[in-house]
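Asks:
Chains as they are written, first to last, in my numbering: chain A, 1 to 192; chain B, 1 to 188; chain C, 1 to 189.
#1: Under DSSP, the alpha helix (DSSP H) around residue 186 of chain A begins and ends at which residues?
#2: Using only the alpha-carbon positions, how far apart do residue 106 of chain A and residue 93 of chain B sit?
#3: Take residue 7 of chain A as the anchor and find which of A/54, A/79, A/190 and A/123 has the nearest alpha-carbon.
#4: Less than 8 Å between CB atoms is the rule here; does residue 76 of chain A satisfy it with respect to chain C?
#5: Which residues does DSSP pair with residue 159 of chain A in a beta bridge?
#6: Taking 8 Å as the CB-CB cut-off, is residue 178 of chain A touching chain B?
#7: Taking Cβ-Cβ distances below 8 Å as the criterion, which residues of the segment 40 to 53 of chain A are in contact with chain B?
#8: Can we say the segment 54 to 74 of chain C touches the segment 66 to 74 of chain A, given the rule of at least three CB pairs closer than 8 Å?
#9: Ordered along the chain, which non-local residues of its own chain (more than five positions away) have a Cβ less than 8 Å from that of residue 108 of chain A?
#10: Which residues in chain A sit within 7 Å of residue 4 of chain C, going by Cβ to Cβ distance?
#11: Going by beta carbon distance, what residues of the same chain come within less than 6 Å of residue 156 of chain C, once the five residues before and after it are set aside?
#12: With a cut-off of 8 Å, does the C-beta of residue 171 of chain A fall near any C-beta of chain B?
#13: For residue 1 of chain C, which three-state DSSP category applies?
#14: Name, please, each residue of chain C whose Cβ falls closer than 8 Å to the Cβ of residue 79 of chain A.
#15: Does the distance from the CB of residue 155 of chain B to the CB of residue 172 of chain B come in under 8 Å?
#16: Given a threshold of 16 other Cβ atoms within 10 Å of its Cβ, counted over all protein chains shown, does residue 50 of chain A qualify as buried or as exposed?
#17: For the segment 81 to 96 of chain C, which residues have a beta carbon sitting closer than 9 Å to at least one beta carbon of chain B?
#18: On the CB-based measure, 16 or more other CB atoms within 10 Å of its CB, does residue 180 of chain B come out buried or exposed?
#19: Taking residue 134 of chain A as the reference, which of A/171, A/187 and A/114 has the closest Cα?
#20: With 9 Å as the C-beta to C-beta threshold (strictly closer), list the residues of the segment 124 to 143 of chain C near chain A in chain order.
#21: Say whether the segment 158 to 177 of chain A touches the segment 83 to 97 of chain B, bearing in mind that this needs 3 or more beta-carbon pairs closer than 8 Å, one atom from each stretch.
#22: Just mark residue 185 of chain C as buried or exposed, buried being the case when its beta carbon has 16 or more other beta carbons within 10 Å.
#23: Classify residue 106 of chain B as helix, strand or coil using the three-state DSSP reduction.
#24: Return helix, strand or coil for residue 95 of chain C, following the three-state DSSP convention.
#25: Based on the DSSP secondary-structure assignment, which residues constitute the bridge partners of residue 66 of chain B?
#26: Given residue 81 of chain C, which residues of its chain have a CB within under 6 Å of its CB, disregarding the five upstream and five downstream residues?
#27: Give a yes or no on whether the C-beta atoms belonging to residue 196 of chain C and residue 86 of chain C are separated by under 8 Å.
#28: Counting along the chain, where does the alpha helix (DSSP H) carrying residue 124 of chain A start and finish?
#29: Using a Cβ-Cβ cut-off of 8 Å, state whether residue 188 of chain C counts as contacting chain B.
#30: Are the CB atoms of residue 63 of chain B and residue 81 of chain B within a distance shorter than 8 Å?
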């Protein structure tokens with residue numbers, strides 16, 4: 001079934017879009033000043049970033065996308081008012097083997113728990129399997145990230161690897177999990 | 001303080017990029033060498049290209065990345081290479097990799113010795129808390145060698161490698177510093 | 001998990017280059033501030049040059065060794081100081097540099113709150129084994145703040161500073177992870 005008409009980048013309440021250099025740096029800068037968000041989205045130590053730094057990161061990112069050709073980066077915007085609410089990334093694409101890794105982040109606490117992450121991941125998986133024709137998608141999840149675990153379960157990702165005590169935060173060690181979803185598993189889900 | 005660079009059969013040596021380039025160019029003509037070690041498609045390398053690529057690696061060496069040649073103690077021959085890449089400083093976890101170039105040198109205990117020296121370096125010099133490695137499911141010799149060195153199985157990424165017309169899993173193995181210390185206290 | 005960037009009186013931020021330059025250009029003019037914070041002679045860099053420096057640093061990206069924050073007050077949102085941490089990757093020692101450039105905010109608890117955030121970040125996010133800092137002999141206010149935070153005097157480099165014709169010592173202080181954890185156990189976060 002060739003579904004050419006259904007929009008890849010339009011969801012129920014959200015849409016995927018490019019970086020808006022005028023508006024986005026300041027919004028993302030605000031997210032980075034929230035240590036809670038940074039500690040869930042990044043494994044590295046949390047750091048706040050000025051809009052100037054975020055803008056430079058966007059420039060480097062677009063250059064990398066252009067040169068390495070193994071990365072897709074989507075801004076998640078609310079359909080209602082085009083507000084920036086998060087990011088959705090497909091990275092570390094290995095074309096010869098058909099693999100990639102995905103990441104989704106919803107920046108502000110007010111936007112969390114509204115189902116936006118679920119909608120974003122749904123669109124991201126369709127892009128990876130039905131447009132990039134990849135064979136499998138992975139995700140790295142820290143033991144303390146309950147929200148991400150719930151998202152993995154919802155989409156039928158299989159828990160594959162447990163890297164014991166690979167992370168340390170808040171004075172204790174945590175495991176790092178790798179989840180994987182194969183194309184057939186996604187297809188079955190989608191047609192069910 | 002022990003000589004941290006020397007094992008029972010081999011020693012860690014500085015990467016001489018020209019020599020490594022020549023060696024690697026020769027080793028990679030045996031496609032099994034490449035296919036056991038790397039996930040991207042096999043290609044052939046001239047000594048000059050390989051040397052240039054190693055030169056780039058050496059220039060990028062920092063506190064994050066360690067790159068050594070392995071030379072035999074018996075006759076100082078360069079038989080393989082080893083890398084240690086810190087993945088996460090706050091977690092103190094690094095990825096480790098090694099390869100032995102010529103099949104004549106496989107199955108002789110060099111790999112085990114290389115791993116022991118590298119683990120000792122990782123845990124007592126770089127002060128890491130754990131070491132991770134990945135190995136292809138079709139490389140049972142390496143898997144056994146890593147099990148002997150103390151690595152535990154931590155899972156597998158399913159069907160991640162597409163080779164020879166079928167899909168293969170990549171196994172993850174990891175060893176914690178406390179586990180390694182305990183194991184070494186028993187053997188010494 | 002605790003909020004690493006927010007204390008009770010101050011919060012840690014990353015400021016825009018021009019806003020930061022506008023504020024920080026004034027700090028070296030306050031000789032008392034400069035001489036308490038820094039052993040080197042003050043440089044009166046232009047606001048323009050400062051802004052360019054900050055913009056250049058924004059380009060450079062981050063290394064796992066250096067962590068830098070500006071400090072803002074919670075009540076009146078003023079940019080009053082800085083906090084920098086250098087992490088020794090191999091040994092887990094963090095070296096701290098800290099200063100409050102606005103003298104109206106001295107002696108009011110802002111420094112103490114800042115040191116609390118500093119140690120929290122060093123031990124709970126950078127996973128340091130110890131935190132070190134240096135302080136000049138003629139800065140007793142800072143020394144007291146550090147002692148209150150749990151730092152102990154570890155050593156001194158005698159007479160290594162020459163100012164106004166007199167010689168002064170640099171003092172070195174440190175706090176170990178175990179010491180900080182024990183201190184924390186007395187007070188639940």
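We put the CB at the ideal spot given by N, CA and C, even for glycine.
Small disclaimer: the values here were computed from a predicted structure and weren't measured.
Replies: Well, looking at it:
#1: Annotation for residue 186 of chain A: the continuous alpha helix (DSSP H) segment containing it runs 183 to 191.
#2: Residue 106 of chain A and residue 93 of chain B: Cα-Cα distance of roughly 27 Å.
#3: Closest by alpha carbon: A/123.
#4: No, because no Cβ of chain C sits closer than 8 Å to the Cβ of residue 76 of chain A.
#5: DSSP links residue 159 of chain A through a beta bridge to A/179.
#6: Taking Cβ atoms only, chain B reaches closer than 8 Å to residue 178 of chain A, which makes this a yes.
#7: Considering only beta carbons, the part of the segment 40 to 53 of chain A lying closer than 8 Å to chain B consists of 43, 44 and 45, in chain order.
#8: No: the two stretches stay apart, fewer than three of their Cβ pairs being nearer than 8 Å.
#9: Only 30, 31, 34, 37 and 85 meet the Cβ criterion.
#10: Close partners of residue 4 of chain C in chain A (Cβ separation under 7 Å): 35 and 46.
#11: The residues are 169 and 171.
#12: Taking 8 Å as the threshold, the shortest C-beta distance from residue 171 of chain A to chain B does not fall below it.
#13: In the three-state DSSP reduction, residue 1 of chain C falls in the coil class, being neither helix nor strand.
#14: Contacts between residue 79 of chain A and chain C, judged by CB atoms closer than 8 Å, are missing: the closest CB pair is about 30 Å apart.
#15: With respect to the 8 Å criterion, residue 155 of chain B and residue 172 of chain B are classified as neighbours on the basis of their beta carbons.
#16: Buried, by the Cβ-count rule.
#17: Result list: 87, 89, 90, 91 and 92.
#18: A buried status is given to residue 180 of chain B, since no fewer than 16 other beta-carbon atoms sit within 10 Å of its beta-carbon.
#19: Nearest option by C-alpha distance: A/187.
#20: Correct list: 124, 125, 126 and 127.
#21: By the Cβ rule, the segment 158 to 177 of chain A counts as touching the segment 83 to 97 of chain B, because three or more pairs are nearer than 8 Å.
#22: Exposed, since its Cβ has fewer than 16 Cβ neighbours within 10 Å.
#23: DSSP places residue 106 of chain B in coil when its eight states are reduced to three.
#24: In the structure shown, the three-state DSSP call for residue 95 of chain C is strand.
#25: DSSP, once it has assigned bridges, lists B/84 as partnering residue 66 of chain B.
#26: 71, 99, 100 and 101, listed in sequence order.
#27: The requested residue 196 of chain C does not occur in the structure, where chain C is confined to residues 1 to 189.
#28: From DSSP, the alpha helix (DSSP H) with residue 124 of chain A extends over 116 to 126.
#29: For residue 188 of chain C, the predicted model reports a pLDDT of 44, less than 50, meaning its position is unreliable and no value from the coordinates is stated.
#30: Contact flag unset, no.
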